[in-house]
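For the sequence shown, the tail end lands on 257 under the working numbering, and the numbers increase by one without skipping.
Yeah, the Cβ is synthetic: ideal placement off N, Cα and C, and Gly gets one too.
All values reported here derive from a predicted model rather than from experimental measurement.
Presented below is the structure to which this report refers.
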Amino acid sequence: MNLKELAERLKTVSDTPLLDARLLMKYHPERIDDVLQRRLNHEPISKIIGSRGFWKSDFVVNKDVLDPRSDSEKVIEAVLQYYPDQSQPYRILDIGTGSGCLLFSLLDEYQMAKGIGVDCSAKALAVAEQNRHSRSAELVKRDFMNPDWGKDLGQFDIVVSNPPYIPTKDIETLSPDVRNYDPIMALDGGVDGLNAYRALASGVGSLLKPGSYLFLEIGIGQADDVRSLFLNVFRHIDTIRDFGGIERVLVFQKPV
Ligand SMILES: C[S@@+](CC[C@H](N)C(=O)[O-])C[C@H]1O[C@@H](n2cnc3c(N)ncnc32)[C@H](O)[C@@H]1O
């Protein structure tokens, strides 16, 4: 099968059939029939080739981690906006680190910083470990639904999180590329999608140094609800829209 024929076959499942065809031919030239079938079953290209570009690096991905989304790069942009001095030895915490794409991209920008990534999934942490390379980061298994989850971690200058935020009933309406290939633990935010934010709102305050900022990715239409959950402890500073104009990142500051 040549490139054009492969792209033609991919048209039914992909908005970018030619790009998909190029990647499949580059990474799996010897198994085209097999990988074509996987893609026709809606497996994302990133999971087939085992890699996804995010910010300035490529990250290992598999079925155990959320595929990093380009909209999540808005979290990185927001941190850079509020912490313009990239030479500081900040302590950075990433809650629900998955592949580690947020934490590791931040550590690449803040070369003197140290980071901790937490996740409740040992399999996700194993993928993050593959992505860590020589970066100054610790990866620890924690369940943020447990009220004591962060007690021994100390305080941080920068905290980011892209927690699961899809309401449970909406998961079956997601495209099969997402629903069948991203881990449910990375998607399911409970009945109203806000379970993770509720848990974080009650405990994350003590993990930030006074004056430090918290950056939260949110789902469509969640800005008002999530903002009000955090106002007991934080000042709301900013709401940042994604590439599609949707409110995607909330920025909070812990009062001094
Ligand atoms: C939406 S994914 C985000 C992954 C990555 N940070 C990113 O932006 O691509 C959410 C992550 O939170 C983790 N997670 C879900 N519930 C958790 C919990 N109760 N405690 C710790 N981590 C949790 C999932 O395993 C998943 O890796």
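In angstroms with no decimal places, state the Cα-to-Cα distance between residue i and residue j.
| i | j | result |
| --- | --- | --- |
| D68 | P164 | 13 Å |
| P18 | L25 | 10 Å |
| D171 | P211 | 37 Å |
| K152 | V66 | 25 Å |
| E22 | E6 | For the record, residue 22 in the displayed sequence is Ala; it is not Glu. So the two alpha carbons sit approximately 9 Å from each other. |
| K57 | S106 | 7 Å |
| V257 | G194 | 30 Å |
| V128 | K64 | 10 Å |
| E218 | L209 | 17 Å |
| S287 | T174 | Within the shown structure, residues of the chain are numbered from 2 to 257, placing residue 287 beyond reach of any answer. |
| A224 | I96 | 19 Å |
| I247 | L104 | 23 Å |
| A79 | V250 | 8 Å |
| Y166 | F55 | 20 Å |
| P177 | D189 | 15 Å |
| V252 | L215 | 6 Å |
| P168 | V192 | 5 Å |
| S207 | F60 | 31 Å |
| A8 | L20 | 8 Å |
| R40 | S88 | 43 Å |
| W150 | T98 | 14 Å |
Mark residue i as exposed unless 16 or more other C-beta atoms lie within 10 angstroms of its C-beta, in which case mark it buried.
| i | result |
| --- | --- |
| P85 | exposed |
| S231 | The displayed chain sequence assigns Phe, not Ser, to residue 231. With 16 or more other Cβ atoms within 10 Å, it is buried. |
| R53 | buried |
| Q38 | exposed |
| S100 | buried |
| G116 | buried |
| S162 | buried |
| K48 | buried |
By the three-class DSSP mapping on this structure, what secondary structure does residue i have?
| i | result |
| --- | --- |
| Q87 | coil |
| D59 | strand |
| V192 | coil |
| V14 | coil |
| R23 | helix |
| E44 | coil |
| I219 | coil |
| V205 | helix |
| I247 | coil |
| R242 | strand |
| V227 | helix |
| F105 | helix |
Name the DSSP bridge partner or partners of residue i?
| i | result |
| --- | --- |
| Q254 | Y214 and R236 |
| G116 | I93 and A138 |
| S52 | V61 |
| S162 | I96 and L217 |
* Asked: Just checking, does the region 37-54 make contact with the region 134-145 on the three C-beta pairs under 8 Å criterion?
  -> Taking a cut-off of 8 Å for Cβ pairs, the region 37-54 and the region 134-145 do not touch, as fewer than three such pairs fall below it.
* Below 8 Å, can you find three or more Cβ-Cβ pairs linking the region 236-248 to the region 73-80? -> At 8 Å Cβ cutoff, the stretches touch.
* Say whether the region 197-206 touches the region 110-118, bearing in mind that this needs 3 or more beta-carbon pairs closer than 8 Å, one atom from each stretch. => Segments in contact, no.
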